[in-house]
Amino acid sequence: MSTPLGRLYLLAHSHLDVEWLWPIGETRRVFIETVERILGLMRRYRGFTYAQSTALYYTWLAADRPDLLEEVRARVREGRWEPVGGSWVECDCNMPSGESLVRQFLYGKMVFRELLGVDVVTAWFPDSFGFPSTLPMILRGCGVRYLVIQKLNWNDTTMFPYNLFWWRSPDGSRILVYQMPGGYWGDPGDDRERLRQLLVFTHRHGIQDMLLVYGKGDHGGGPTEEMIRHAEELARSPESHGHIEARHSTATGYMKHIERNYGDKIPEYTGELYLQFHRGTYTTGQKIKHLIHECEQLLQALEMLETLRYIETGKPYDREEMRSLWRRLLTNQFHDTIAGTLSKTPYTAAVKRLEELRRTLQARLPPQQASRSQESDAETKTTGNEITLYNKHLEVVVDRETGWIKSIKTRDGTEYLAPPGIRLELYKDEPILARAATATPGWVVDYVFDAWELYHLQDINGVKYQRLEASEIETGNGKVTETITHRDGVRIRQTISLHGQYIHIDIEAEWNTIHRLLKLAITLNHYAEQVTAGQPYGHTTRTNPASPYSTLHQRAAWETWLHTWLDYSNGEKGLAVITTSLHGYDAIGNTLRLTLLRAPRAPPEGAWSQPWLPQLLAEQPVLEKGSYKFRITLHPHQGDWQQARIPTKAHQLTMHPLQRLVEEKIRVEPDTIHLTALKLAEERDAVIIRLHNPYNKETEAEITLPTGIREAWETNLLEQPQRRITSIKNNTIKTRIPPYSLKTIMAILETSS
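Numbering (the numbering used here), first residue to last: 31 to 783.
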């Protein structure tokens with residue numbers, strides 16, 4: 031027998047979106063049908079293996095068809111049904127908070143343990159739209175060793191160079207990643223495509239062992255009987271199929287095999303996994319994004335307040351009720367939901383679910399007084415065509431003709447802006463048949479992805495945009511308020527105010543347009559070779575696409591994303607942008623543009639199995655119409671983002687006011703260490719304290735509680751004890767936190783039973 035060209039590890043799978051072109055209720059029905067069909071195939075074909083993610087789905091199975099769940103358990107014990115993912119849903123990993131990502135796995139893995147008796151160690155995100163540089167840290171903290179992805183195949187500019195790689199976070203954590211050479215919808219009977227993938231994989235890595243995931247997806251389905259017969263034939267007769275050996279496998283089994291036999295040959299990658307496609311998803315669905323962020327704030331504030339009450343009175347909150355609230359939030363962080371790339375029915379349902387969750391959380395929280403940070407401490411003066419806002423830290427000049435901010439100076443006289451300053455820009459963002467991604471199989475044209483893509487840079491005749499000017503300008507109470515009206519159905523009220531070292535720009539928009547894109551543009555008088563952006567529990571640094579030293583890979587990030595903060599500095603001075611639910615931006619040359627709103631047509635309802643022809647797309651509604659409010663905070667500073675302590679300032683500015691009250695009683699010092707979670711332990715009478723060090727400096731932290739501490743443990747993110755803390759005195763814990771890392775502490779109080 032001749033030497034095989036390679037070895038395939040075959041794994042059936044059914045990708046099923048929580049919601050997309052259909053509502054969640056349909057997903058629940060389709061999942062049950064898919065499970066029933068897969069189990070039927072397993073009774074007839076004893077060899078093949080099947081992977082299924084998403085803890086939420088297994089809770090549906092337990093509630094709706096406990097008989098099927100029992101059969102799934104039996105197949106799990108046999109090693110033929112592989113629970114993968116570990117998360118509550120296949121969430122977006124860029125826009126949720128870092129704590130939300132932790133809870134995806136804390137509560138997801140709890141379901142897998144309770145219902146199936148397994149600890150899932152392979153994360154599964156085949157359809158999520160890119161990944162933050164901090165994800166390996168979060169996954170390893172949640173007991174995950176491996177990650178399977180696919181979407182980087184859709185890059186439209188450069189091909190991601192690895193299918194197997196070690197991925198390292200800034201804190202040093204690393205995981206083994208498998209980027210599928212094809213898609214998650216393969217067919218083992220496609221000899222030509224199978225050979226192509228194997229040859230590319232072998233050429234890249236010098237490894238002949240490749241995982242092939244097959245089965246119909248998006249709307250469920252999984253492997254067909256014909257696919258399974260192809261897989262069985264491939265395993266039996268390699269000489270009849272290009273001399274490629276094949277065997278049925280699991281994802282985890284394959285990853286362990288690769289780690290054991292080739293681990294030292296696999297390249298290492300650091301930094302984010304940026305998807306060069308779907309750049310509009312950072313902005314589409316602002317209603318949903320804003321509600322998710324608001325619910326994250328409310329839920330964390332509620333959990334912290336309830337835990338503080340336990341510390342002070344010994345009365346615990348209802349853990350299952352708190353888990354239920356978190357799970358409601360986590361469901362809405364599914365990658366198509368938070369991205370806003372839903373058809374009308376599921377989009378409307380998602381907004382309704384989140385509004386109901388917000389009302390529930392607000393009803394549980396005590397009333398709050400208005401924050402002082404909402405007030406302006408500025409004085410105003412008008413000279414000629416200029417309105418000047420000033421306080422003891424800043425001087426901001428607004429042009430009376432246009433309403434644009436033309437100057438920002440700190441009181442030492444340092445200027446930060448260059449003409450034309452800060453202004454709103456409205457772009458034409460109409461789909462054009464202009465660009466394709468290198469997806470497999472075939473080419474995927476972005477014309478059909480109105481809700482996913484940005485089109486303002488694709489017109490062959492140049493960028494079509496307008497700089498918006500104010501029609502009315504008012505001053506009073508230390509503020510400048512501007513009204514902007516545009517014929518395309520856009521009306522904006524913008525208020526500029528100062529508070530201490532910060533410039534607040536509050537925008538209220540009536541958005542009743544189509545295929546337009548609204549950006550807040552900021553032109554600076556200094557150039558930064560690199561721009562740093564906050565990410566969930568960390569940051570990433572990106573090369574300026576205008577740099578002559580930027581690679582094509584780096585220039586492809588012409589629209590990218592931030593989480594909470596963004597800093598443009600050259601080491602001597604910089605400008606930080608702090609926001610909440612806004613994520614999309616571009617930073618090209620010396621101009622930052624924060625992306626506020628889009629107006630695409632929604633994807634077509636129910637059209638998961640038919641072509642998206644131009645006429646069908648043109649009939650879809652614009653779901654982004656409505657009223658919006660944003661606050662954007664600017665902070666001019668000396669030095670770089672670390673010297674200016676931008677993560678700490680962003681943490682303090684964006685936290686819920688009630689969390690500030692908690693932090694007055696749960697003291698964490700120094701303030702460069704952030705308290706990001708305070709909760710009851712899931713499985714014992716103890717308090718969980720999560721701390722984040724966002725800086726490149728190991729720091730000794732002191733945590734002081736308003737009661738005595740009997741003992742304390744460092745735990746992983748799943749609250750499993752790792753090391754006892756011995757530095758405890760009365761009610762204070764001391765612990766060292768390495769650079770860019772998380773630390774979770776379990777404190778057992780003197781009053782605990």
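From the three backbone atoms N, C-alpha and C, an ideal C-beta is built for every residue, glycine too.
Computed from a prediction, not measured in an experiment: that's the story for all the values here.
Excluding the 5 residues flanking residue i on each side, which residues of the same chain have their C-beta closer than 7 Å to its C-beta?
i    : result
P211 : N193, Q227, V230, F231, M240
S127 : E326, P566
R697 : T734
R143 : D149
L384 : I318, L321, I322, C325, N362
M334 : Q689, V692, L708
With which residues is residue i paired in a DSSP beta bridge?
i    : result
Y532 : H529
V178 : W154, Y208
W642 : Partner(s): none; W642 has no beta bridge.
T663 : H534, I608
A674 : DSSP, once it has assigned bridges, lists no residue as partnering A674.
F161 : L303
N723 : S771
W541 : V520, G656
T625 : K549
R437 : Contrary to the premise, residue 437 reads as Ser rather than Arg in this sequence. Per DSSP, V427.
D217 : According to DSSP, which records beta bridges pairwise, D217 is partnered with nothing at all.
F195 : V207
Q496 : L456
M240 : L38
C121 : F364
Y615 : T590, L624
R58  : Paired residues: none, contrary to the question.
Q668 : K603
Got a sec? Which residues, its chain only, sit under 8 Å from residue i by beta carbon, not counting five neighbours each side?
i    : result
T678 : D701, T702, H704, P724
P769 : P200, D201, N723, Y725, N726, K727, E728
P471 : Residue confidence is low: P471 scores 47 on pLDDT, short of 50, so the model does not pin down where it sits. Its coordinate-derived value is still stated next. Answer for P471: G212, G213, E223, listed in chain order.
A469 : Unreliable positioning characterises A469 in this predicted model, as indicated by a pLDDT of 48, which lies under 50. A coordinate reading is not provided.
W541 : G519, V520, L548, L627, A629, E654, K655, G656, S657, Y658
Assuming contact is defined by CB atoms lying nearer than 9 Å, are residue i and residue j in contact in what I supplied?
i    : j    : result
Q134 : V119 : yes
A539 : Y457 : no
V717 : T337 : yes
L487 : C121 : no
G568 : M167 : yes
P811 : H545 : Nothing can be reported for residue 811: it is not among the residues displayed for the chain, which extend from 31 to 783.
L550 : I537 : yes
A380 : T311 : no
L46  : A637 : no
E112 : T706 : no
F307 : D489 : no
L710 : R349 : yes
W588 : I618 : yes
S373 : E635 : yes
Starting from the C-beta of residue i, find all residues in its chain whose C-beta is less than 6 Å away, skip the five residues before and the five after it, and write them out in chain order.
i    : result
K494 : K458
V427 : E416, T418, K436, S437
A276 : L38, L40, L264, A265
L177 : A153, I205, V207
M31  : Residue confidence for M31 is low, a pLDDT of 49 falling below 50, so the modelled location carries little weight and cannot support an answer.
G344 : T781
T594 : G564, A680, T684
R523 : T513, E538
Y532 : T663, H665
Kindly provide the ranges of any alpha helix (DSSP H) runs that are 4 or more residues long and lie completely inside the region 546-603, ordered along the chain. Complete alpha helix (DSSP H) runs here, min 4: 582-585.
Does the region 362-370 come close enough to the region 33-46 that 3 or more CB-CB pairs lie under 8 Å? For the pair of segments examined, the region 33-46 was found not to touch the region 362-370: the number of CB pairs separated by less than 8 Å stays below three.
Using 8 Å as the Cβ pair cut-off and three pairs as the minimum, do the region 92-104 and the region 153-165 touch? In the pairwise beta carbon analysis, the region 92-104 is classified as not touching the region 153-165: fewer than three pairs are separated by under 8 Å.
Below 8 Å, can you find three or more Cβ-Cβ pairs linking the region 666-677 to the region 499-506? No, because fewer than three Cβ pairs between the region 666-677 and the region 499-506 fall closer than 8 Å, the two stretches do not touch.
Specify whether the region 563-579 and the region 682-701 touch according to this definition: at least 3 beta carbon pairs, one from each stretch, less than 8 Å apart. Touching, no, given that fewer than three Cβ pairs across the two stretches are closer than 8 Å.
Evaluate contact between the region 284-302 and the region 248-267, counting only Cβ atoms and requiring at least three cross-stretch pairs below 8 Å. Touching, no.
Residue ranges of each beta strand (DSSP E) within the region 739-777, 3 or longer: Fully enclosed beta strand (DSSP E) runs of 3 or longer: 739-745, 751-755, 762-767.
Give a yes or no on contact between the region 234-251 and the region 60-79, applying the rule of three or more CB pairs nearer than 8 Å. Pairwise C-beta distances place the region 234-251 in contact with the region 60-79, as three or more of them are shorter than 8 Å.
Evaluate the contact criterion for the region 735-755 versus the region 773-782: three or more CB pairs, one atom per stretch, below 8 Å. Output reads yes: the region 773-782 touches the region 735-755.
Take every Cβ of the region 73-85, pair it with every Cβ of the region 277-284, and state whether three or more of those distances are shorter than 8 Å. Contact holds: three or more Cβ-Cβ distances are below 8 Å.
Along the chain, which unbroken stretches of the alpha helix (DSSP H) at least 4 residues long are found entirely within the region 67-148? Listed in chain order, they are 85-94, 96-108, 128-141.
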